[in-house]
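In this note's numbering, the protein residues as written are -12 to 172.
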């Protein structure tokens, strides 16, 4: 039986990391959080500078970084990857024969994204890319123009994947988590 790859996609503040971490408490997944991996890059590196400006990396820069973390010894949660059509196609072409890929799109409005990011800051979050409102707006614009087409392509359910478009019912984390779990079972 193939291992499972759960792929969480959605806009900034949609809850990808929150729900992925809740799943980690239920099952021993290999957790790959693309944004966290990239934020750990040295600030003075070219990649670190791009991240601080709210820019996306070129696919060719990102593939070898992500690939280092993908192993087949256990199920995987992908958090925040893929973000482009090229990345989505690469993931499906390279890994759909190896993993049961299940894409979970956390579908929330831009207003909810901004409110959740502001709340994350208020609760003591210290992500540099959340602190600069221009960088946040740039990330949301990139999500709409770059990532949404990738999500739309994934929603066509290319061979080897399942796709779930989840419109979260509210802001209660536990209710949303239970809703996600019922939807993807």
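For each residue, glycine too, the CB sits at the ideal point set by N, CA and C.
The model shown is predicted, which means the values in this text are computed figures rather than measured ones.
Judging by CA-CA distance, which residue of the options is the nearest neighbour of residue i?
{"i": "residue 134", "options": "45, 25, 23", "result": "45"}
{"i": "residue 125", "options": "16, 25, 37, -7", "result": "37"}
{"i": "residue 70", "options": "160, 99, 33, 132", "result": "132"}
{"i": "residue 172", "options": "-11, -7, -12", "result": "-7"}
{"i": "residue 99", "options": "85, 67, 123, 86", "result": "123"}
{"i": "residue 19", "options": "142, 138, 129, 50", "result": "50"}
{"i": "residue 129", "options": "142, 80, 97", "result": "97"}
{"i": "residue 80", "options": "8, 146, -9", "result": "146"}
{"i": "residue 52", "options": "68, 39, 107, 160", "result": "68"}
{"i": "residue 42", "options": "108, 127, 101", "result": "127"}
If I measure Cβ to Cβ from residue i and keep anything under 6 Å in the same chain, skipping five residues before and after, which residues do I get?
{"i": "residue 74", "result": "46"}
{"i": "residue 166", "result": "156"}
Hey, residue i and residue j: beta-carbon distance below 8 Å or not?
{"i": "residue 104", "j": "residue -1", "result": "yes"}
{"i": "residue 83", "j": "residue 148", "result": "yes"}
{"i": "residue 164", "j": "residue 66", "result": "no"}
{"i": "residue 21", "j": "residue 72", "result": "no"}
Mind reading off the beta-carbon distance from residue i to residue j? Whole number of angstroms is fine, and I expect it under 8 Å.
{"i": "residue 144", "j": "residue 151", "result": "Contact flag wrong, Cβ pair sits at about 10 Å."}
Give me, in chain order, the residues of the same chain whose beta-carbon lies closer than 7 Å to that of residue i; leave out the 5 immediate sequence neighbours on both sides.
{"i": "residue 85", "result": "-11, 59"}
Short of 8 Å in beta carbon distance, which residues of its chain neighbour residue i, apart from the five on each side in sequence? Order them along the chain.
{"i": "residue 120", "result": "none"}
- Flag this pair as touching only if the segment -3 to 6 and the segment 83 to 99 have three or more C-beta atom pairs under 8 Å; answer yes or no. yes
- Is the segment 8 to 18 in contact with the segment 26 to 35, if contact means three or more CB pairs nearer than 8 Å? no
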